[in-house]
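A quick write-up on the structure given underneath.
In my numbering, the protein residues as written are 23 to 615.
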């Protein structure tokens, strides 16, 4: 019998040994879970192959991958073997993601509560305040983001899992999207962790959570997933964060994107290919007042997202993928709901009114050494000659290349080196008139005002280095350095219709002035240059017993340091901000009950 068949049989026996205990097997394993680092390492070492880059994975998929690793333990160090064994046992028992005090041992149904809290402190400002040289008040030097999340989960039948969360947040936010010099987030790090306006007693009753004291909001999620016994077909109706890409962050759908409600179909009938299709509902609650307006200049933010991704696995070591993207007004367009119709082609039958894009990915695994990958995204790019690729503003595209290399001697050690470039006006799109709408509809590639794709805005690039490892069971460390450059021109210039290069997904190009835009990276606007460093440590031990109950928890701490300066690349002598240092300490806790 061939070695691969032996490994498969062993893995299947290991998995089936715990099958009766396995619960909520079709629910998603949240992005950021430590098991993803284990899976990436196993792929790099050739233990598992032909992995889809559509994440999150389900608990069942994760358990199967861990079972495959259990059959190839010789590829891992003793410390790594212990961690694989721990997570395999947890996912086999249905507690790989979380556990709860109230659960039905027969059916696996759960009623639980998850508590999450992150506190932030401006270390540099606090030191300056203590020695008398500071100019910021103490109220501006601390922030907190907390979530109290009751949830229900269960398996009504063997092929169906469901989970619903009704979370409440209690936040004091220190962030200013228009001013990188303010707030307790490193440059471009911020993403909302709540779903609507904050409310409290007194005045103002409603806010964005940026008052001098904590206020309340909410955060709702769901996951309903059905899957065939073979795992070749899955249908999902969910609201959570997703990531579709081969690198550290994706152009089409990144893990930093805000959650949205999506209906998803995954189809993998063969080891050689997989197809995933998704239709999502998008909005922007911060612009909700415009929905009620009768003004002809008002904008509606009721839009939809459509994605289709085809992944080819010609060899164990090679993956080639293509993704089509669209954002348009919400409507019952059957063609966009058809999983096997490439929307970028189909939309030409619909008057070409939506915001469309295409992403091409490639990934090659050099077993035991590294994973090399590349990605190219075009956002309604005009085909042109290569000499105009970086000078003609109509060429809206993004590119990324990198590698993830093994770090010998460090358990699950991985070094990532990556370069990302996003051209001006990528993700932006002019508001569009639709037959069934009384207002123009925003069709920018955003949800809740944040990019659906890569976390950086248009007209930017990034050199990224990061080191991740699990030095001991339950421990994770991460070191990250990024050099980010981003250019924009003032909002007043865009409001006045000046044909300049802009770096904001909501500042779209005026196609009537197409030839007046002069694209010249670093020399076509006001640029911010950012050195960004971060170190993070997390501890997630085996769940302790409290009053006879298993209570999983996780503690983490991070320190971030950044230095930012600005230059007027146009040489117009415009005033720019003074250089700014940021030192931010954050401490987080997660508790599952």
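All C-beta atoms, glycine included, are put in the ideal place defined by N, C-alpha and C.
None of these values were measured; they are calculated from a predicted model.
Please name the residue in the options whose C-alpha comes closest to that of residue i.
i           : options               : result
residue 517 : 525, 529, 459 and 506 : 529
residue 320 : 89, 463 and 252       : 463
residue 218 : 496, 535 and 471      : 471
residue 510 : 484, 434 and 589      : 589
residue 457 : 213, 339, 564 and 353 : 353
residue 281 : 260, 267 and 375      : 260
residue 266 : 434, 388, 500 and 332 : 332
residue 302 : 330, 51 and 318       : 330
residue 240 : 250, 575 and 220      : 220
residue 323 : 73, 62, 365 and 461   : 461
residue 75  : 449, 100 and 288      : 288
residue 424 : 263, 130 and 385      : 385
residue 426 : 434, 292 and 419      : 434
residue 198 : 190, 177 and 232      : 232
residue 291 : 212, 368, 253 and 403 : 253
residue 271 : 478, 257 and 519      : 478
residue 399 : 269, 428 and 58       : 269
Tell me which residues share the same chain as residue i and place their Cβ nearer than 6 Å to its Cβ, disregarding the 5 neighbours each side in the sequence.
i           : result
residue 531 : 447
residue 136 : 171 and 614
residue 413 : 541
residue 486 : 440 and 504
residue 544 : 591
residue 299 : 287, 330 and 361
residue 512 : none
Tell me the residue span of the alpha helix (DSSP H) that contains residue i.
i           : result
residue 103 : 100-114
residue 84  : 81-92
residue 607 : From DSSP, residue 607 is part of no alpha helix (DSSP H) but of the beta strand (DSSP E) over 602-614.
residue 368 : 365-368
residue 588 : Note, residue 588: premise wrong, no alpha helix (DSSP H); beta strand (DSSP E) at 575-590.
residue 558 : Here residue 558 belongs to no alpha helix (DSSP H); instead the beta strand (DSSP E) covers 548-561.
residue 63  : 57-66
residue 513 : 513-517
residue 150 : 145-152
residue 359 : 356-359
Measure the CB-CB distance between residue i and residue j and report whether it falls below 8 Å.
i           : j           : result
residue 192 : residue 168 : yes
residue 294 : residue 335 : yes
residue 473 : residue 279 : yes
residue 451 : residue 370 : no
residue 415 : residue 549 : no
residue 120 : residue 574 : yes
residue 581 : residue 554 : no
residue 547 : residue 507 : no
residue 160 : residue 174 : no
residue 255 : residue 475 : no
residue 610 : residue 139 : yes
residue 327 : residue 304 : yes
Apart from the five residues just before and just after residue i, which ones in its own chain have a Cβ nearer than 8 Å to its Cβ?
i           : result
residue 106 : 60, 88, 91, 92, 95 and 98
residue 164 : 141, 142, 143, 144, 194, 196 and 206
residue 595 : none
residue 432 : 491 and 493
residue 465 : 325, 349, 350, 351, 376, 377, 451, 452, 453 and 454
residue 312 : 320, 321, 322, 323 and 461
How many whole angstroms separate the CB atoms of residue i and residue j, which I take to be in contact at a CB cut-off of 8 Å?
i           : j           : result
residue 202 : residue 468 : Wrong, their Cβ atoms sit about 19 Å apart, outside the cutoff.
residue 65  : residue 73  : 6 Å
With a threshold of 7 Å on Cβ separation, who are the neighbours of residue i within its own chain once the five nearest residues in sequence on each side are excluded?
i           : result
residue 308 : 471
Could you tell me the boundaries of the beta strand (DSSP E) in which residue i lies?
i           : result
residue 395 : 392-401
residue 300 : 295-304
residue 489 : 482-491
residue 379 : 377-388
residue 193 : 182-194
residue 340 : 340-351
residue 503 : 497-510
residue 442 : 436-444
residue 333 : 325-337
residue 256 : 255-262
residue 426 : 419-428
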